[in-house]
Each structure stands twice: as C-alpha cells, then as structure tokens.
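Chemist:
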Amino acid sequence: MGSCCQKSKNNPGNLNLNEVVANLNTKGEQQGEQQSEQEQQKNTSVVQEKEIQQGKIEIQPIIQKDTNQIQPIQEKYLMLLGTAGVGKSTLFKQLELSDVPNETTSTISNYHEGKLNEYFFIDTPSFQLDDEIETREIFIKEFQEYFDNRKYISSFGIVVNFERTDLMKKKVLQVLKYLRKFKDIISIIVVNMELSDNVNEDKEHLRDSFKHMGCHRILFISKEMKQKQILEQIQEIQFIKTHIDLTDTIFEKITQSQEKRQLQDLKIRLDQRL
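Numbers given in the numbering used here equal positions in the sequence shown, counted from 1, plus 55.
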C-alpha cells in the first residue's frame, strides 16, 4: 500500500487531490468572469438601445473610405487637338515650352512634346478625319502609334479659334464626335480671344453654347497673354491619369482576320450592286 502511494506521488503525470481542486476553482472563476462580462455587455446594449429610442444618443453614419478618390499625379499630360488652322501650334509656341526628348514622339514626326513645370503638352497634326480616306488613315495610324507607346494621358484639349459661334461649334464637334468616350477629360480651349469686342459677354455666351457638349472645362486664351497667365488657365483643368483604351472608337485597331472579313463583306456588297 505504501509503495502504491509513493508511486503516485513521484509520477508527474498524476495530479493529487489538492491540485485537482485548485484547477476546478480556477476554471470556475474564469467561467464566472466570462458570464459576468457577457451580462455586463448585454445590460450596456439594452441601456444604449433605450437611449437611442429616447433620442439621447445620435447614431453616427459609418463613413467608408472613398477608393475612387482622385490621387494627385506628378506628370500631367495635355494633348492638344484641333482642325486645321485653329491656332493649336501657335498656342504650343506661345507657351514657351522646354523640349522633351522622347522616344514616343521621335518616331512620329508630326507629334511634338514640350514641358512647363509638371505639365507636358503634346502638339498633334490637324484633326482631319472628315477629309479624304488617305489623309484620314495617316492620322489614325499615327494616333494609334502614339498610344501604343503611351498608354496614359491626363487631359485632351480641343483648340478652336474665336469666331462665329456656329463655326466654332462645328470645329469642336469635328474632333469631339470621335472621342466622346473621353469627354470627362476633354476641355475646350478657345484662342484668339483678343478678337472679341466684349470678352466677358462672349465668355458667358460660349460657356452656355458649349455646355451641352459635356466637356470638363472651357478655357479662354488671347495672344497677348504671357506664359504665367496661360498656365493659370491650364491649372483650372483637373488632370486625371487616364488609361487610353481606343476600343469602340475610330482609332480601334483591327486584327488581320477582322480586316479580311471586312474586305470580304465589302466585296459581297460591291458584287450585289453589279
């Protein structure tokens, strides 16, 4: 009998009666604390619910972080577009930009880039997509090549010279109708405002006339304006880094199979006419 008791005492795997009782007491205390905490939380919730019903506590809305918030960008690219003779290249020179050696434009002779602070301006050839097929195809090809190398841009600026309102609207629409997909980053830049007899009145009239086009901003530039004054106008534009996806525009590239199918469809239509 004594040897049995001695064995249990020396075996670390066995607990004596005092240890068992101590463990049970500890578990009981922990369970009691948990129950007490749960009851306290329940009582607190009941009190808060009553206070909410009585109007003593105002429920605050949950404010979620806006994941679509526009992030500031370091380099702001503005591509100048316009029909022939509107003064686009003149504006480019008026800005007195620094040259930007760039592989993107060096391979496309009709595209030129200049820099002013964090702003990059791209001068483009005349936007003549309503002209003969050959001229149109050359412009489309160069436009595609530019965005093959630069996938993002911050803003498009449609340049138009100040003249009769109906003529100005026609020139703007000649560009806008092909780029409506990007109208949220398109601004209209009216140049030659020195020709206006009443600048403030004409500005208001043009803002109202162009309002239905849904463009981002309308800027007004005159020949006597210095670089700093023009830059102040440009800073009104909200530059948004935008991926230029040319799908569903006239500039969308077609695959060889699509081109072959289009030629076949054209041949069928021509045969039907004969």
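Ideal Cβ positions, reconstructed from N, Cα and C, are used throughout, including at glycine.
Do L135 and F176 come within 9 Å of each other at the CB atom, strictly closer than that value?
Modeler: Stepping through the sequence shown from its first residue, residue 176 is reached at position 121. Stepping through the sequence shown from its first residue, residue 135 is reached at position 80. Cβ distance < 9 Å, so F176 and L135 count as in contact.
Chemist: Taking the beta strand (DSSP E) that V254 falls in, what are its first and last residues?
Modeler: Here residue 254 is taken as the residue at index 199 of the sequence shown, counted from 1. Run containing V254: none in the beta strand (DSSP E); it sits in the alpha helix (DSSP H), 254-265.
Chemist: Got a sec, what are the start and stop residues for the alpha helix (DSSP H) S144 sits in?
Modeler: Sequence index remark: in the sequence shown, residue 144 carries index 89 (1-based). Segment 143-149, the alpha helix (DSSP H) holding S144.
Chemist: From the DSSP secondary-structure annotation, give me the bridge partner or partners of T297.
Modeler: Locating residue 297 in the sequence shown gives position 242, where the first residue counts as 1. In DSSP, T297 forms a bridge with I208.
Chemist: Between the Cα of M223 and the Cα atoms of I243, R235, K236, Y233, which residue gives the shortest distance?
Modeler: In the sequence shown, the residue the question calls residue 223 occupies position 168. Residue I243 is the option with its Cα nearest to M223.
Chemist: Nearest to T297 by alpha carbon, out of L146, F198, Y207, T145?
Modeler: Translated into positions along the sequence shown, residue 297 becomes position 242. Closest option to T297, Cα to Cα, is Y207.
Chemist: Rank I305, K283, I285, T220 by C-alpha distance to the C-alpha of K266 and give the top, closest one.
Modeler: Within the sequence shown, the letter at position 211 stands for residue 266. When each option's Cα is compared against that of K266, the closest is T220.
Chemist: Under the DSSP definition of a beta bridge, which residues are partnered with N216?
Modeler: As a position in the sequence shown, residue 216 is number 161, starting the count at 1. According to DSSP, which records beta bridges pairwise, N216 is partnered with V246.
Chemist: In this structure, does DSSP put E187 in helix, strand or coil?
Modeler: Within the sequence shown, residue 187 is the residue found at index 132, counting from 1. Looking at E187 - three-state DSSP - the assignment turns out to be coil, as it is neither helix nor strand.
Chemist: So, at 8 Å on beta carbons, what are the nonlocal neighbours of P180 in its own chain, with the 5 sequence-adjacent residues on each side left out?
Modeler: Indexing the sequence shown from 1 puts residue 180 at position 125. If we look at P180 and ignore the five residues flanking it on each side, its Cβ neighbours are N165, Y166, F194, E197.
Chemist: Per the DSSP calculation, I177 is bridged to which residue(s)?
Modeler: Numbered from its first residue, the sequence shown carries residue 177 at position 122. According to DSSP, which records beta bridges pairwise, I177 is partnered with M134, E168.
Chemist: Can you tell me which of V141, G140, N172, I295 puts its alpha carbon nearest to the alpha carbon of Q152?
Modeler: For the purposes of this step, residue 152 is taken as the residue at position 97 of the sequence shown. The sequence given here has Leu at residue 152, not Gln. With distances taken between Cα atoms, L152 lies closest to N172.
Chemist: Kindly list the residues whose CB is nearer than 6 Å to the CB of E307, restricted to its own chain and excluding five residues on each side of it in sequence; keep chain order.
Modeler: The sequence position of residue 307 within the sequence shown is 252, counting from 1. Result list for E307: L301, in chain order.
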